[in-house]
Every structure is written in structure tokens, then in C-alpha cells.
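Participant:
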Amino acid sequence: MRETELALRWLAEDGLTRDGDGAWWYVDAPGEPAEATSTADIAETWGFLVFEDERLGPADRVRVALGLMDLVGSHVLVHRPIHRAHLGPAGPLPVEVLWEGFRRRLEAGPEPEAVTDALWLDWFEHGQSADAAFTAVLGQDAHRIRADAPEGLLLRARRVLACSGPVPWATKEPAYRAAAQVPELRPAVFRAVLGSYHDLYGNLEPAAALALLDSLRLPPATAHLAALRTVLAAGHVNHRHAPDAWRKAADAPPR
């Protein structure tokens, strides 16, 4: 991807290169011997510097950050500076560059862990960004989620649903309902509702979530289905608010 090449050039300007075997090397100054380094070291040393580099314009800072996510994988010191820069005094960022990059990665293999972690831990857990972020990566395409949708969109939907627990229910419900109409996405919708209940910052409306759950028509023996139905029917909104309610529901004998 273009962002990866941009990030490689940006790192090379500071003495970091990757060889044909994927190993990273750092040269502190011309003529000095190259020292082996790791992706963790790169993340911890260079991850936050992207948004301080005045040689880069705002859009290219986002592109380099995306490229770093490709190169070093999921690391909080690479993905979190993007969110902080967006909400900070120099923000907002040109986020459509970010969202377009996220959507591309969510529609392709392998699993883009850096992207889903960034969405879950940064954008979705923060009240100032959850609505806009979810809308950008999935919500605005809810009307396109159907059985004959492109495979890339269905893959993106599955991946976003998996980390969408903290997103406000009103924002994510239309996408959940659209996905519930696609048989291959119903297990993902179930896991999304389950995650919305168990996630520390999970968000759901019990009655609406229960109705959605019942519309999935899952096998009665589906793991955690009975317990989830029980706590939602009782009006519980989150595991952390009533941990005993889940324990009792999970321990109840099957009907």
C-alpha cells in the first residue's frame, strides 16, 4: 500500500531500514555500524513522532501513521497518537484519509489487528469520537449490508461488529439490524450484542437488544445465548453494573 511505502521512506530518513528478510536495522550516523532493532522499539521510539514532524502535511502524517501500523502491527504508541492528534489542539485531522485507509484494510486479509485495536481502544471507547468513527467505518454503509453485498463489505462488517461494543446503541443499531438480515453475519451480530453487554464500556438498550437477538433465530444451544437473553429481559445494560446477574443467569439450568 502507498502508506506503507511512505512510512518506509520516512523511517529511512531517520536511519531505519528493513532488509529482504524483514529484519530492521538502525544506523545512528553515516559510517556507523547498523544495529538490529525490533518493531516494538520502532513503535516506542518513533510512533509518536509522526504528528510532530513538520516536514509532513496533515494528510501525509495520517498516511505515515497508517503505514507504521502496517509495518509494526498493533501497538498503542502507533495507533493512539492518531486519536490524540485528532482530539488535540492541532486537530481535527483530515480523517477521511484515515477512514478510507481503515476501510481498505478492514476489507482485505489478513486480520488487520492494528486497525481493529485502534477502533476499539481509541475511537470507539471515547465519547467524543465513537459516533463519527463507527459511522465512517460501517454505519454509513448499513443500507448496503445485504446477502448479495461485495465480500469485502461483509468482511468489513464482521470485523467492525466484533469491536463495536462501546459504540452508543443508537449509532450502531441500524448496522446491527442490517447485518442481522444476512445469514452469514448473524453469528457476528450475536457476538456484537454479547460484547456490548460484557465490554467494560459496552453500550446497549436491553429491550431493543433482546428483540434483535431473537430475530437472529440462533440454535437454542448457542453458548451464552440463554444467559444473555435472561439478563437483557431483566433490563440489565452491562455486566459490570450487575455482575451477579450474569453469574446467576449462566448458572441457571437449561429450560
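Numbering (this note's numbering), first residue to last: 33 to 287.
Heads up, the beta-carbon is just placed ideally off N, CA and C, and yes, glycines get one too.
1. Just the C-alpha distance for L186 and E139, rounded to the nearest angstrom, thanks.
2. Whose C-beta lies closer than 7 Å to the C-beta of W131 among residues of the same chain, with five residues either side of it excluded?
3. What does the Cβ neighbour count give for H175, buried or exposed, with the cut at 16 atoms within 10 Å?
4. Helix, strand or coil, according to DSSP, for E35 in the structure here?
5. Taking the Cβ atom as the reference point for each residue, do H111 and D149 lie within a distance shorter than 8 Å?
6. How many whole angstroms separate the CB atoms of T36 and L88, which I take to be in contact at a CB cut-off of 8 Å?
7. Around the C-beta of H25, are 16 or more other C-beta atoms found within 10 angstroms, so that it is buried, or is it exposed?
8. Report yes or no: do the region 63–70 and the region 91–100 share at least 3 C-beta pairs separated by less than 8 Å?
9. According to DSSP, R50 sits in a beta bridge with which residue or residues?
10. Give every residue of the same chain whose Cβ lies closer than 6 Å to the Cβ of A179, excluding the five residues on either side of it in the sequence, and list them in chain order.
Facilitator: Let's see:
1. For the purposes of this step, residue 186 is taken as residue 154 along the sequence shown, with counting starting at 1. For the purposes of this step, residue 139 is taken as residue 107 along the sequence shown, with counting starting at 1. Each residue's alpha carbon lies about 8 Å from the other.
2. The residue given as residue 131 occupies position 99 in the sequence shown. Correct list, in chain order: A168, V169.
3. Along the sequence shown, one-based indexing puts residue 175 at 143. Label assigned to H175: exposed.
4. Residue numbering aside, residue 35 sits at position 3 when the sequence shown is read from its first letter. Looking at E35 - three-state DSSP - the assignment turns out to be helix.
5. Looking up residue 111 in the sequence shown gives position 79. Looking up residue 149 in the sequence shown gives position 117. Result yes, Cβ atoms of H111 and D149 sit closer than 8 Å.
6. Counting from 1 along the sequence shown, the entry for residue 36 is found at position 4. Counting from 1 along the sequence shown, the entry for residue 88 is found at position 56. Not confirmed; about 15 Å, so no contact.
7. In this structure the chain extends from 33 to 287, so residue 25 is not present and cannot be described.
8. no
9. The residue labelled residue 50 in the question sits at position 18 within the sequence shown. W56, per the DSSP bridge assignment.
10. Here residue 179 refers to the residue found at position 147 when the sequence shown is read from its first residue. Closer than 6 Å at Cβ, skipping near neighbours: V214.
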